[in-house]
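Following: one structure in structure tokens, then a few remarks.
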Amino acid sequence: LNGGRTPFKGRVVVYQGGSWGNICDRNWDLNDAKVVCNQLGFGNAIRATRGDVYSPGTRTFMMSNVGCVGHETALSFCTHNGWRNVGSCTHPNDAGVVCSGPSPTISAISVTTTSVVISIENLPQLKYIVGFNINWYKVQYNLADGTGVTMFNTVQPRDIITVDNLVPGKTYVFKVAYIAANSTGPFSNSITITTNISVPGHVNTFSGYPIDMETIHISWTPPTVTHGNLVGYYLEYQGNSVDSDSPSPPSVRISSSSTSYELGGLYSDTLYNLTLHAENEVGRSEGVSIWLKTYKNECNEVDN
Numbered sequence: 548l549n550g551g552r553t554p555f556k557g558r559v560v561v562y563q564g565g566s567w568g569n570i571c572d573r574n575w576d577l578n579d580a581k582v583v584c585n586q587l588g589f590g591n592a593i594r595a596t597r598g599d600v601y602s603p604g605t606r607t608f609m610m611s612n613v614g615c616v617g618h619e620t621a622l623s624f625c626t627h628n629g630w631r632n633v634g635s636c637t638h639p640n641d642a643g644v645v646c647s648g649p650s651p652t653i654s655a656i657s658v659t660t661t662s663v664v665i666s667i668e669n670l671p672q673l674k675y676i677v678g679f680n681i682n683w684y685k686v687q688y689n690l691a692d693g694t695g696v697t698m699f700n701t702v703q704p705r706d707i708i709t710v711d712n713l714v715p716g717k718t719y720v721f722k723v724a725y726i727a728a729n730s731t732g733p734f735s736n737s738i739t740i741t742t743n744i745s746v747p748g749h750v751n752t753f754s755g756y757p758i759d760m761e762t763i764h765i766s767w768t769p770p771t772v773t774h775g776n777l778v779g780y781y782l783e784y785q786g787n788s789v790d791s792d793s794p795s796p797p798s799v800r801i802s803s804s805s806t807s808y809e810l811g812g813l814y815s816d817t818l819y820n821l822t823l824h825a826e827n828e829v830g831r832s833e834g835v836s837i838w839l840k841t842y843k844n845e846c847n848e849v850d851n
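FYI, the numbering for the sequence shown is 548 to 851, going by my numbering.
The following block contains the structure:
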């Protein structure tokens, strides 16, 4: 395509017999334009142009009375008067097209708590555009509810784009367009991605004391939760001798609103290892452990 202000519009030129030439606009219509846009990989045909829409061509006319159905894979498969058999057609009776430009396809390669890596595919067939290069990409994203619309242009035209500084646990919608020859191509498909959430930090100032022979009181300071919501605590406890043969230590779940707990039903005069984890939607924090011993039974038996 020659003479257009973007790579996807202009006079149609064809190569045959060792040279390039124009097409006469006699009977030129949208079906012909569809074949041209499809053959070049330039998306859908928006319009077939006739006459001096673009700067007049100076090449020899190669085709005239082109009659495409619209599904042909190349212009040479459409009917026409024969190569260079164009009669009295003269400039500026040049056939042209306006194509939409191909829409790139994007997909997510990886997702973290604050970033998304996107792959771009289905780019223009650059071999058909003289002097055409993708300069950079325009990236647009927003939250799933439509707020927080952000746009930026990449520094380099790489086919892998990283979007940083996202909020953990939020759902975003992304789309990408390429910018080339001072023109922005159509946007890609939209993809919806939810950033990851990491586990919370561990609890702080975990401490406790025995209340009686069977009960231990524990207390703690809530952890810092930067991602997601604190959903509760998970307490594991194991007696130094009584639970040592258990395949897994006993455990109990505690409400997220609690900062203390009384653990009952224990053995007297037994040293317990207690490990407390904080939990959110995706997992548990590292455990914080303390050792506490229940009181000994000091009652004496009376002889009868």
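Virtual Cβ for every residue (Gly too), placed ideally from N, Cα, C.
Alpha carbon to alpha carbon, what distance is there between Asn743 and Thr841?
42 Å
Beta-carbon within less than 7 Å of Gly617's beta-carbon, same chain only, minus the 5 sequence neighbours each way: which residues are those?
Asn578, Lys581 and Val582
Proximal residues to Ser766 (C-beta, below 7 Å), its chain only, five neighbours per side dropped
Ser754, Gly755, Thr806 and Ser807
Just list the beta strand (DSSP E) runs in the stretch 720-780, keeping only unbroken ones of 3 residues or longer that don't cross its boundaries, in chain order.
738-741, 751-757 and 763-768
From Val696 to Asn569, what does the alpha carbon distance come to, in whole angstroms?
44 Å
Asn851 by DSSP, collapsed to three states: which one?
For Asn851, the pLDDT reaches just 46, beneath the cut-off of 50, and the residue's location in the model is therefore unreliable, although a value from the coordinates is still provided. In the structure shown, Asn851 sits in coil (DSSP, three-state: anything other than H, G, I, E or B).
When you compare each of Val772, Tyr684 and Lys722 to Glu828 by their alpha carbons, which one comes out closest?
Val772
Simplified DSSP assignment, three categories, for Val677:
Because Val677 carries a pLDDT of 49, less than 50, the predicted location of this residue cannot be relied on, and no value is offered for it.
Could you give the DSSP three-state label for Lys581: helix, strand or coil?
helix
Can Val720 and Tyr688 be called in contact, C-beta distance under 9 Å?
yes
With three or more C-beta pairs closer than 8 Å as the rule, is the stretch 599-615 touching the stretch 647-661?
no
Looking at the secondary structure, which residues open and close the beta strand (DSSP E) in which Cys538 lies?
Missing from the structure shown is residue 538; the chain here goes from 548 to 851 and no further.
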